[in-house]
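Student: Supplied in structure tokens, the structure appears directly below.
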Amino acid sequence: MVRSKTILIPNKFMFFRDSIKKCNNQIFWFFVYHEVSHALLDQNVPKIYENSKIRSLFSYFCEQYESVTLCIDKKELQLDINRVYKEFLPDLFAILMLREKFQNELIINWDKFYDSFSYFKTREEVKEIFTKDPHAPIEARLYISKKMTEMLLL
Numbered sequence: 000m001v002r003s004k005t006i007l008i009p010n011k012f013m014f015f016r017d018s019i020k021k022c023n024n025q026i027f028w029f030f031v032y033h034e035v036s037h038a039l040l041d042q043n044v045p046k047i048y049e050n051s052k053i054r055s056l057f058s059y060f061c062e063q064y065e066s067v068t069l070c071i072d073k074k075e076l077q078l079d080i081n082r083v084y085k086e087f088l089p090d091l092f093a094i095l096m097l098r099e100k101f102q103n104e105l106i107i108n109w110d111k112f113y114d115s116f117s118y119f120k121t122r123e124e125v126k127e128i129f130t131k132d133p134h135a136p137i138e139a140r141l142y143i144s145k146k147m148t149e150m151l152l153l
């Protein structure tokens, strides 16, 4: 969350800072970089989200992502890409900065990295997050940002 040039990081992620596990340390820095990116973009260039080239690039990668539906309780819920769109660019910048900070130590096993974001939720909470939370699901966002990163680093 960004308010008048102040960056607020959710306190539930602060415990990662003191973790001795490399993956958790990277997750902590991912969220720091994500929030810093939001601050820079939202306060300095808010119209960047409206840029048609950027939007079409992310839309292309969103279409490539196969798991944008959630099958739960015999229902298939569709992820609204437009709802989570403003999270993609900060995610992309966060991944690029993680690559710079950790270089050879960055987690190569992306499945393990995605899994490390998992936390227990009831079925109702999962449905609520998937259909209403503009930040979720993080695995889908990270997959798209990862693909963009791979394209940029070719």
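If you count by numbering that gives the first Met the number 0, then the sequence shown holds residues 0 to 153, one letter each, in order. Where a beta carbon is used, it is the ideal one built from N, C-alpha and C, also for glycine. Note that this is a predicted model, so its numbers are computed, not measured.
#1: Write down every uninterrupted run of the alpha helix (DSSP H) in the region 35-64 whose length is 4 residues or greater and which is fully enclosed by it, in chain order.
#2: Tell me which same chain residues have a C-beta within less than 7 Å of the C-beta of Trp28, skipping the five on either side of it?
#3: Return helix, strand or coil for Asp121, following the three-state DSSP convention.
#4: Can you give me the Cβ contacts of Ile47 inside the same chain, cut-off strictly under 8 Å, excluding the 5 residues immediately before and after it?
#5: Can you tell me which of the three DSSP states Leu152 falls into?
#6: Buried or exposed for Leu91, going by 16 or more other Cβ atoms inside 10 Å?
Tutor: In brief:
#1: 51-63
#2: Leu97, Lys100
#3: It should be noted that the sequence gives Thr, not Asp, for residue 121. Thr121 falls in the coil class under three-state DSSP.
#4: Leu40, Ile53, Leu88
#5: coil
#6: buried
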